[in-house]
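Residue numbers (UniProt numbering): 1 to 337.
Quick reminder that beta carbons are idealized off the backbone N, C-alpha and C, glycines included.
All figures in this text were calculated on a predicted structure; none of them were measured in a lab.
Rendered as structure tokens:
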């Protein structure tokens with residue numbers, strides 16, 4: 001009798017376990033309901049013309065398309081680095097769901113994917129209409145980050161990093177805005193010299209480089225040379241290269257400040273560019289552990305320059321780097337002997 005009771009009890013217990021297992025199976029979220037290769041966002045033919053990237057500590061960047069270019073409308077309307085937004089959008093559209101990590105709203109706080117706590121919130125919009133919003137949260141590993149969209153509480157781990165979505169405007173600035181082809185320079189006024197490109201001289205790749213012997217005909221000739229001075233072609237080529245490859249560190253603003261030190265600059269240089277007219281640069285005196293400040297006559301912004309960019313430019317514009325002395329007299333003495 002006791003044996004029958006035991007068997008009956010165990011059978012009932014097994015039945016209860018089967019019912020519970022079935023209930024859990026059919027009531028649990030289906031973590032594989034979405035194919036792993038499904039795109040995280042689906043813009044289809046909708047093309048965003050406005051991006052808002054929000055980060056921690058109130059950081060926020062707005063990117064807006066005007067014509068064929070992107071600008072920072074809340075950051076002096078400064079141009080965005082060419083191709084950067086297009087590359088960023090391509091990365092976002094290339095993200096796939098992968099396998100879900102969690103599926104309930106109760107887990108969002110743990111992965112830092114709530115409206116109040118996130119690493120990044122990226123809104124893709126067209127006009128005033130939000131097309132997609134992506135939340136990026138905690139990171140489970142190298143180049144992996146937890147993500148979700150605003151319409152979904154499912155959490156995914158995607159191959160992306162927060163640093164790939166900068167939330168500070170200066171990280172989107174076109175640092176090469178002041179760069180140009182070196183052959184565009186036609187004339188330079190600096191250090192008491194007016195240096196002009198020889199129309200019949202060499203240009204581009206054939207121009208003399210620093211430490212290379214200058215070849216005839218000379219690329220440059222100058223007015224303002226003193227007796228016994230001659231123009232150092234390699235020195236001018238170095239100055240032109242520094243000017244043409246100039247990259248800013250960041251935009252400081254559009255208002256001049258006394259601390260910029262541009263009332264008594266270390267360098268004032270004027271030059272003419274093909275199809276760009278006359279340009280003037282004023283560069284502050286180098287200070288230890290401080291970026292140099294650049295003011296230009298053709299743009300309203302003031303720019304910070306890294307020391308490793310600004311100092312060599314100031315040095316290259318020194319008269320001692322642009323002229324050589326005594327060679328004429330030495331040659332005459334050698335000829336007379």
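Return helix, strand or coil for residue i, following the three-state DSSP convention.
| i | result |
| --- | --- |
| residue 255 | coil |
| residue 105 | helix |
| residue 160 | coil |
| residue 219 | coil |
| residue 35 | coil |
| residue 142 | coil |
| residue 65 | strand |
| residue 60 | strand |
Within this structure, are the beta carbons of residue i and residue j separated by less than 7 Å?
| i | j | result |
| --- | --- | --- |
| residue 284 | residue 265 | yes |
| residue 313 | residue 291 | no |
| residue 270 | residue 189 | yes |
| residue 162 | residue 119 | yes |
| residue 325 | residue 229 | yes |
| residue 49 | residue 112 | no |
| residue 122 | residue 53 | yes |
| residue 102 | residue 155 | yes |
| residue 81 | residue 174 | yes |
| residue 169 | residue 157 | no |
| residue 293 | residue 76 | no |
Below 8 Å on the Cβ atoms is my guess for residue i versus residue j; work out the distance and round it to an integer in Å.
| i | j | result |
| --- | --- | --- |
| residue 36 | residue 98 | 5 Å |
| residue 223 | residue 268 | Actually they do not touch by this definition, with Cβ atoms about 18 Å apart. |
| residue 124 | residue 51 | 6 Å |
| residue 159 | residue 244 | Contact flag wrong, Cβ pair sits at about 38 Å. |
Between which residues of its own chain and residue i is the CB-CB distance below 8 Å, once the five residues before and five after are set aside?
| i | result |
| --- | --- |
| residue 321 | 232, 235, 238, 239 and 315 |
| residue 191 | 317, 318, 319 and 322 |
Measuring only the C-alpha atoms, how far is residue i from residue j?
| i | j | result |
| --- | --- | --- |
| residue 227 | residue 61 | 57 Å |
| residue 338 | residue 219 | Because residue 338 is not part of the residues shown, which for the chain are 1 to 337, the question remains open. |
| residue 180 | residue 254 | 22 Å |
| residue 150 | residue 134 | 6 Å |
| residue 46 | residue 185 | 43 Å |
| residue 73 | residue 198 | 42 Å |
| residue 78 | residue 176 | 12 Å |
| residue 319 | residue 225 | 10 Å |
| residue 85 | residue 287 | 35 Å |
| residue 136 | residue 96 | 14 Å |
| residue 217 | residue 200 | 7 Å |
| residue 310 | residue 280 | 15 Å |
| residue 273 | residue 187 | 7 Å |
Please return the same chain residues whose Cβ sits closer than 7 Å to the Cβ of residue i, not counting the five positions on each side in sequence.
| i | result |
| --- | --- |
| residue 249 | 291, 304, 305 and 306 |
| residue 42 | none |
| residue 24 | Note that residue 24 scores 43 on pLDDT, short of 50, meaning its location in the model is unreliable and no value can be drawn from it. |
| residue 323 | 225, 229, 230, 231 and 232 |
Excluding the 5 residues preceding and the 5 following residue i in the sequence, name in chain order all residues of the same chain whose CB lies nearer than 6 Å to its CB.
| i | result |
| --- | --- |
| residue 282 | 262, 265, 268 and 295 |
| residue 138 | 111, 112 and 146 |
With a threshold of 7 Å between beta-carbons, can residue i be considered close to chain B, or not?
| i | result |
| --- | --- |
| residue 254 | Given the protein chain composition of this structure (a single chain), no chain B is represented. |
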